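Working notes, structure below.
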Amino acid sequence: MRISVIPLLSGVLASLLFAGTASAGTLAQNGPVPAGKSPATSSPVYKSGKFEIKACEEQPIQPDDLDAARVYLEFVVDCLNTSWEDQLTRARIPFSKPKLATTSHVGTPTGCGKFPKGAQAVYCPLNKKITFLLDPGILSQATELFLFEVIAHEYGHHVQQLTGIMNTLNRKYKTQKALLADIRKIELQAECFSGAFIGSVWQSLGRRESDLSYVIQAAYDTASHGKSVNIAYWIRRGFDAESPDVCNTFTAPKPKVS
Ligand SMILES: [Zn+2]
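Read left to right, the sequence shown gives residues 527 to 784 (this note's numbering).
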């Protein structure tokens, strides 16, 4: 029987709010990133076309097996490295791999403070590291698409860092509302990047459509990550296009990033 994962995914989606806001003021010190006209609205990644690599092999996975889940995530990150390196190279954006760490409990150092309670994974732009919480909740559902979708989402934040899109948060906001509006664009774009990658390798995964819809329907409304209907919209939009070209949340109509 499938159990509700709504609190789980809320944790997932809460992740960048912490990492992003905690480090927003120091992002600019994080080495060279593409400069020039706002990468958020006009990055060449939006013209990089479809992912050309169409395969990613999932490693054997079963519920409640920490070691298997670790190996599984490492292999998905390998796939993401291969696909995104190819993609960014075509967009003439310098590529580097993110680091990956897993932890069994909250409070572990991430490079952007301690791993926050309620999050499933965190991307820290300062050290380009993804920290993934492998707790009993997600391990019990290890065969579902959550591990795959969440790691692809966090990787999306890494792509935002490499492209300079993340730097859009590196400015002074007059209101919390304005900050949240930009964080939503970052988060919904990470969902779209995740969907685009998943769509590109979907045929090789041998999964059912219900695996994707199960993950999508677990999302719910938050001010930092948007309405569940928009989360679903951006995942599906990326998935159908198999390309980051359709992921420009920064020029999207307001109701799509609410
Ligand atoms: Zn995120």
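In this text, a Cβ means the ideal position worked out from N, Cα and C, and glycines have one as well.
This structure is a prediction, so every number in the text was calculated from the model and none was measured.
Using a Cβ-Cβ cutoff of less than 6 Å, which residues in the same chain neighbour Thr634 once the five nearest sequence positions on both sides are dropped? Residues of the same chain with a CB within less than 6 Å of the CB of Thr634, apart from the 5 flanking positions on each side, are Phe641 in chain order.
Closest to Glu713 by CA distance: which of Tyr759, Ser730 and Tyr699 is it? Put simply, of Tyr759, Ser730 and Tyr699 the residue whose alpha carbon is nearest the alpha carbon of Glu713 is Tyr759.
Going by beta carbon distance, what residues of the same chain come within less than 8 Å of Arg596, once the five residues before and after it are set aside? Within its own chain, the residues whose Cβ lies closer than 8 Å to the Cβ of Arg596, once the five positions on either side in sequence are excluded, are Thr628 and Leu660, listed in chain order.
How would you label Gly551, buried or exposed, when you count the other beta carbons within 10 angstroms and need 16 or more for buried? Note that Gly551 has pLDDT 35, beneath the 50 cutoff, so the model's placement of it is unreliable and the number below is only indicative. So Gly551 ends up on the exposed side.
Just to confirm, is the Cβ distance from Ile579 to Thr615 under 7 Å? Going by C-beta atoms, Ile579 is not nearer than 7 Å to Thr615.
Quick check: what's the CA-CA separation for Asp591 versus Ser666? Taking the straight line joining both Cα atoms gives about 8 Å.
Consider the C-beta atom of Glu675 and the heavy atoms of ligand 1; say whether any pair is separated by less than 6 Å. No, the beta carbon of Glu675 sits no closer than 6 Å to any heavy atom of ligand 1.
Tell me whether Ala716, by its Cβ, gets closer than 6 Å to a heavy atom of ligand 1. It does: the Cβ of Ala716 is within 6 Å (strictly closer) of some heavy atom of ligand 1.
Any contact between the region 724 to 742 and the region 762 to 778? By contact I mean 3 or more CB pairs, one from each, below 8 Å. Contact check between the region 724 to 742 and the region 762 to 778: three or more CB pairs, one atom from each, fall below 8 Å, which counts as touching.
Whole runs of the alpha helix (DSSP H) within the region 731 to 784, excluding any shorter than 4 residues: Along the length of the region 731 to 784, whole alpha helix (DSSP H) runs at least 4 residues long occupy 735 to 743 and 754 to 767, reported in chain order.
Neighbour-count burial assignment, Lys698, 16 or more Cβ in a 10 Å radius: For Lys698, the number of other beta carbons within 10 angstroms of its own is below 16, and it is reported as exposed.
Looking only at C-alpha atoms, which of Gly752, Gly663, Pro620 and Lys655 sits nearest to His631? Nearest of Gly752, Gly663, Pro620 and Lys655 to His631, Cα basis: Gly663.
Closest by C-alpha distance to Ile709, when choosing among Gly644, Asn693 and Ile724: Cα-wise, what sits closest to Ile709 is Asn693.
Quick check: the Cα distance between Val571 and Phe776, rounded to an integer number of angstroms? When only Cα atoms are considered, Val571 and Phe776 end up about 13 Å apart.
Over what stretch of residues does the alpha helix (DSSP H) that includes Phe601 continue unbroken? According to the DSSP assignment, Phe601 belongs to the alpha helix (DSSP H) that extends over Leu592 to Arg616.
Candidates Thr689, Phe674 and Lys700: which alpha carbon is nearest Val603's? Closest option to Val603, Cα to Cα, is Phe674.
Status (buried if at least 16 other CB within 10 Å, exposed otherwise) for Pro586: Its Cβ having fewer than 16 others within 10 Å, Pro586 is exposed.
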